[in-house]
Structures are given as C-alpha cells and as structure tokens.
Amino acid sequence: MPIDREKFPPLYRTVAINDDGLESHSYVPGGLDAPTSSPLNDRPGANPEQFVGLALSTCLNATLEAIEQRQGLPHTAQVHTIVEFARDYRGFQFYVTAQVRIPHVDRDTATAMVDLAERRCPVAKLLSGSANVTVELVDDFSPVEPVERQN
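If you're matching positions, the sequence shown starts at 5 in the numbering used here and goes up one per residue.
Put into structure tokens, the structure is as follows:
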C-alpha cells in the first residue's frame, strides 16, 4: 500500500547519480563521489553490492541507536551486512544478510530491539519484501570469506 505523500511529505531529498555505467563513478552533488567498478574484476572502485550493504548497515544501526537512546542505554549496537552477488534464471541477484550484535544487552531485549528496528528503519522496510534479505541477531559476526573467481 503506497504512503500518502501529501500526509507524509519528504523531510529530506537527495539524488544519487551514475551517468556512465559500472566502470565509472557514482556521486551525490556536493557530497560523496565514489569511483565504481564491477566486483568481478580487479579494478579499484565501489560497487552496488557495497552501496546496498552500507545503506542497510548505516540505516539499521542509526535506528538501533535511537531505540537504545529511548531505553536509556548506551549505543553499543553494531551492524555488519554481507551482500553476495549470484546468478539466477534471469540474470543476477543479491543475497543480503544483516548481522546485528548488541553487546551487554540480554537476548530477549536485543531480539525485541532488532524486531523494532527492522519495522522502523527505512532501508530495512524497503528491502523487507525480498526473500533474499535477512536480518539476524548474532553473538559474534560471521567471518566473510572471498568467493573464488570462476573463469
């Protein structure tokens, strides 16, 4: 169900630009300007997988920070998002796993905080309809091993 934009007008607006494709750069006028490159080559540059991971990690952790603050807790939440790029029947897809760690908070409280953060975080809400997106509470972050290149 779409949100009523008149009842809930934007509080902020930006534009992210890429005019030349993956092997170029993406930028926000007056802000971030990042060289971009395919994750399947050795050229320097960020890629869409990294941007998706950064967006979810940053937004979800900011939401957790607000929840911690409202509960009178120090901000200790950490979010690591693993984004994997894979083939599918029509081309390609992402598998996204956000791992949340909240030290010094009991498991039940942390679980409730993560559930609330998923329902409030704009990026998590945007991605929530995908079966390829998971947000999980962890005691320790999983090591992320590189994928062997297939030629």
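Note that CB positions come from ideal geometry on N, CA and C, so glycine has one too.
By the Cβ neighbour-count rule, L36 is exposed, with fewer than 16 other Cβ atoms within 10 Å of its own. With a contact defined as Cβ atoms closer than 8 angstroms, A50 and N65 miss out at about 19 angstroms. Between I106 and A116, the gap from beta carbon to beta carbon reaches 8 angstroms or more. When Cβ pairs closer than 8 angstroms are counted between the two stretches, the region 17-35 is seen not to touch the region 78-97, the count staying below three.
Between H29 and T18, the gap from beta carbon to beta carbon reaches 8 angstroms or more.
With respect to C63, P14 sits apart: the two C-beta atoms are not nearer than 8 angstroms.
With a threshold of 16 other beta carbon atoms within 10 Å, G57 meets it and is buried.
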